[in-house]
Amino acid sequence: MMDEMDKSMALGGQPPKSLTLGQGMAVVIGMGGLGIMLLALFNLSFPNRALWLGLSLAAIASGVIWFSWEAYAHRLPGIKNDGVWMKSMSSRGLWAWGLGLVLTGFYIVLYFYPQYLGLVQGGENRGLIALFDPLSRLLSGQPASQWFIYGTLYTVAILVFGLKFLWKYRHSPYQRLRTLSVMFFQTAFAFLLPDLMARLNGHEILDGGSLPYFDLKSIWPLNYYNFESYRIQGFLGSGDIGLALLIFALLSIFVITPILTYRYGKRWYCSWVCGCGALAETAGDPFRQLSDKSLGAWKLERWMIHLVLVFVVVMTTAVVHSYLGTDPSKYWLTKNVFLIAVALLLCGVFGWAMLFRRKQLQKDARYGAVACFVIVLALIVLALGGDGQGFPIRPETLRKSYGFLIGSVFSGVIGTGFYPLFGARVWCRFGCPMAAILGFQQKLFSRFRITTNGGQCISCGNCSTYCEMGIDVRAYAQRGENIVRSSCVGCGICSAVCPRGVLKLENGPSRGRIDSREVLLGNDVDLLSLVREDHR
Amino acid sequence: MEHIVIIGNGIAGVTAARHIRKGSDHRISLISSESEHFFSRTALMYVYMGHMTFDHTKPYGDHFWKKNRIDLLHAHVVRVDPRQKKVWLDDASSLNYDRLILATGSRPNKLDRPGEDLLRVQGLYSKQDLELLEKNARDNKRCRRAVIVGGGLIGIELAEMLRSRQIPVTFLVRENSFFSSVLPQGDSAMVTEHIRQHHIDLRLNARLAEILPDGKGRARAVVLEGSGEEIPCDLVGLTAGVSPNIGFLKNSGIALDRGVLVNRYFETNCQGVYAIGDCAQQKEPLPGRKAIEPVWYTGRIMGETLARTLCGQPSPYSPGPWFNSAKFLDIEYQTYGQVVPEFKKHDSEIHFHWRHPREKICLTLAFDRTTETFLGINALGIRLRHGVVEGWLKEKRKIDTVMETLADANFDTEFEKHWEATVLAQYNSTFSKSLRPGKRKPKNIFQRG
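Order-wise, the sequence lines are chains A and B.
Read in order, the letters of the first sequence correspond to residues 1216 to 1751 in my numbering.
Read in order, the letters of the second sequence correspond to residues 3 to 451 in my numbering.
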């Protein structure tokens, strides 16, 4: 009789099924692939590295693909969330904690102790990095580094988990296209192109110069070091191509981004192009339901992401200021010209938002914006007054602390290491300054919205549960109000999981973008007014 | 300031409470024995399926109620005394009210067959039903087969739930096609095929004769009427619709029929007592609508309407055009206006049905034979824009203009294929017309409703 007893009274206790036999075998194969890398990590030297690396990557890829095939291929197209909150891995169980620890550990080693991966400064690589040498030489002609390993694994993850995602959402063309897009941008722009570009270094079409490692789609301020001195020298010392790339980098943030965000919302970047988004949407998809939906998280998010943005603006201004000259006869862009330009740009954006969009900003957002604006402006004025010499805070200090705190710890260790615990968009939601800029524009100057379909919402909560950005989508939908939130990355999963067809991501006229359609929610107001007139 | 007591914290009661708070300073007490906090009943299935936890089904955070000064009472009302203006709770305490709102919802129907009260026989309506199901049908070892009796919206949901745990399901439906008491034949046929695609053992024209017990008072098999076939099972789901949950109001002096009888202001025969949602029965149903409307959306509309009245703006029940929605396994269903099944169809009505040759997508549009006025639309596998269709219905559009501008109402996700051209082509060939699709105008799509 004991097994008849209900061991846990919790609702929704048992998973429908543990792994199938095929899935178990797929896991073994994938783990085998990782095992090869682990052996390499402990300095087991493989006779034919190219072969073993190929074998390892092939095993990982085929493991994931087989696993996905088992999970989705025999089932009809449709939403596949059965058992999500019953499985240890996707509901913060023991497996999730274990994976979180492993990932976090990997990031700590990657960023701070690359020697354990086998990196040897100025000598022959060893261990895991040596295993990747053949592939790196094939692409760029250079030996591998810890970043090459990271880039390769990152790309492989996006490709194989991208395939899994394509299978899972094969009924939705929006999801298919979006996933193919991130898979393409990651492979071509982030992985292959920079390495191939490196082959041009010293070539005559670069006038003998060498380009910095440049992922074209990685836009400042996500790419916070893009305008540092060594990069600018790299661009400017590499002929017309270098100059073109520098101009493209500037156009990306000041022209292309605003236009595309106006037309399509920030999703064009965050869930169609961006590499961080790409990993979150593919490998991170099984964890999207873990994002924190509490009010506290929302408050934290607004402060944190905007403070990071202020940080990166100040840091970049200080760094660029530090290497510019003071003599206008040598080069027109002097320290002071630059500072004045930055000040004017900030005044313009701040003034526009405060004059024309004040009503859409909450009180604390206005106060915060004013405070940050005043501080940044004061710094700039101090730097201007300081006879063109130094920035009030040492640029090097700013650069280093940003690189450590934000670039490594936040976006890497926390952002990706904690996938299985806090969902895949922690960095995008709380930290990414690029997301902050795009979100600011999405909220205040864009055609994008998630339309709520009249009164059709049944408040079930699937949309809020599966929102990776922790937006309480249902709170809007059940009021019949459209969703215009700066944090929304437009992944479209809320619309996909909605069982009543209530949500639609779309671009339309800005007029009436947020209005709720009260009349569809409740009683017929038009008729009511007629009835009342009858009574009189 | 009055004390308003609301019995039932479902969508009707909660909507009333929220809107009364918005529009007044009345003291509000919200009583429920089912759950401490409001949850979305329609989402219970997703808890069993593991898509969400129970907490996810709560539309408002637990802090919401205190902040909005809505007093929650987790208690069961046993008796209402309209003369003394009192409700009695199961712990023998009582509560005085100035106004009482009955929003007690429904309970699953019984079929009046032998064996209905055995263990492992259950309906699916309340949180308690879900907890019971978790015990009765935890996995496919303890529940080797389930039989579901009654082919409506709850039946198909229960089937989907059980299938998510790989429990074999036999689904008994009285009609000759699934949900054909509501859906026109074309729509019903498509859903019927889809149910079978999901490996559900669907039995049409099948009626339950009795449920057989094992030695321990539990169901062990069902017997079909006519054939006498015996189907062994570990669970029997009774999903033959719901009826108003009003048992505790007998002899209270409040006028009852199948539900609590109300006028268009939701007033019962007793002064200061109102009824809304599933448990309310309109004494004179609105034209074209049922006296009892046990639907999420109407519950919400009634709650909001009554709140307006109680906040000093007397408002009769006058919902806009009828709409409803459901999901049959993977197929989403939306309906607007009146699209009735064939046996209810008047001679004056014409149905136009289009179905995709391969995919599970179809549309049925109803219109008037003589005036050619658009009467309603069923969409399966296509999402429609509520505001646009509502506009067509209110403006009494002609079917031809609806067909020409069908794309305006498309609410499918971006990049989804549009079928309007093939739909229009079939319409043209069926009715010997030569309509051409009109241009989509943002004005017609975004600025409506």
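Note that the Cβ used here is the ideal one computed from N, Cα and C, for glycine as well.
When C-beta distances to chain A are compared with 8 Å, the residues of the segment 40-64 of chain B below that value are 42, 44, 45, 48, 49, 50, 51, 52, 53, 54, 55, 56, 58, 59, 60, 61 and 63, in chain order. Between residue 17 of chain B and residue 295 of chain B, the gap from beta carbon to beta carbon reaches 8 Å or more. By the Cβ criterion, the segment 1438-1453 of chain A is not in contact with the segment 1471-1485 of chain A, since fewer than three pairs of Cβ atoms, one from each stretch, lie closer than 8 Å.
Interface with chain B (8 Å Cβ-Cβ cutoff): residue 1476 of chain A is excluded. With fewer than three CB-CB distances shorter than 8 Å, the segment 215-227 of chain B does not count as touching the segment 179-186 of chain B. The Cβ neighbour count for residue 1711 of chain A, taken over all protein chains shown within 10 Å, is at least 16; the residue is labelled buried. Look at the segment 398-416 of chain B: the residues with a C-beta under 9 Å from a C-beta of chain A are 413, 414, 415 and 416. Taking 8 Å as the CB threshold, residue 385 of chain B lines the interface with chain A. Taking a beta-carbon distance threshold of 8 Å, residue 128 of chain B does not count as an interface residue toward chain A. In the structure shown, residue 315 of chain B adopts coil according to DSSP, grouped into three states.
Here DSSP, grouped into helix, strand and coil, assigns residue 366 of chain B to strand.
By the Cβ test, the segment 278-297 of chain B is not in contact with the segment 129-148 of chain B, since fewer than three Cβ pairs between them sit closer than 8 Å. Note that the C-beta distance between residue 108 of chain B and residue 271 of chain B is not below 8 Å.
Annotation for residue 73 of chain B: 31 place their beta carbon closer than 6 Å to its own, counting only its chain and skipping 5 residues before and after. For residue 203 of chain B, the beta-bridge partners assigned by DSSP are B/172. Under DSSP, residue 98 of chain B shares a beta bridge with B/88. When the Cα atoms are used, residue 1658 of chain A and residue 35 of chain B turn out to be separated by approximately 42 Å.
When C-beta atoms of the segment 1711-1729 of chain A are compared with those of the segment 320-333 of chain B, three or more pairs fall below 8 Å, so the two segments count as touching. Beta-bridge analysis with DSSP links residue 380 of chain B to B/337 and B/366. Between residue 1498 of chain A and residue 1373 of chain A the beta-carbon gap is near 7 Å, inside 8 Å, which marks them as a contact. DSSP, read as helix, strand or coil, puts residue 276 of chain B in strand. Per DSSP, the continuous alpha helix (DSSP H) segment holding residue 1272 of chain A begins and ends at 1264-1287. Just measuring C-alpha positions, the residue of A/1266, A/1465 and A/1668 sitting nearest residue 1720 of chain A is A/1668.
Three or more beta-carbon pairs separated by less than 8 Å link the segment 403-418 of chain B to the segment 384-391 of chain B, which places the two stretches in contact. Shown here for residue 440 of chain B: same chain residues with a beta carbon closer than 6 Å to its own, the five before and five after excluded, namely 406 and 407 in chain order.
Close partners of residue 336 of chain B in chain A (Cβ separation under 8 Å): 1671, 1715 and 1716.
Below the 8 Å Cβ cutoff, chain A contributes 1291 as neighbours of residue 199 of chain B, in chain order. Contact note: residue 329 of chain B reaches chain A through 1714 and 1715, using a C-beta cutoff of 8 Å and chain order. DSSP places residue 326 of chain B in the uninterrupted beta strand (DSSP E) bounded by 325-330.
The beta-carbon of residue 203 of chain B is placed no less than 8 Å from the nearest beta-carbon of chain A. Looking at the DSSP output, residue 400 of chain B shares a beta bridge with B/375. By the criterion of a C-beta distance shorter than 7 Å, residue 1623 of chain A is surrounded in its chain by 1326, once the five residues flanking it on both sides are discounted. For residue 356 of chain B, the enclosing beta strand (DSSP E) has its first and last residue at 351-357.
Interface annotation for the segment 1680-1692 of chain A against chain B: 1680, 1689 and 1690, criterion Cβ-Cβ distance under 8 Å.
Restricting attention to B/319, B/299, B/260 and B/298, the CA atom closest to the CA of residue 289 of chain B is found in B/319. The Cβ atoms of residue 204 of chain B and residue 177 of chain B lie no closer than 8 Å to each other.
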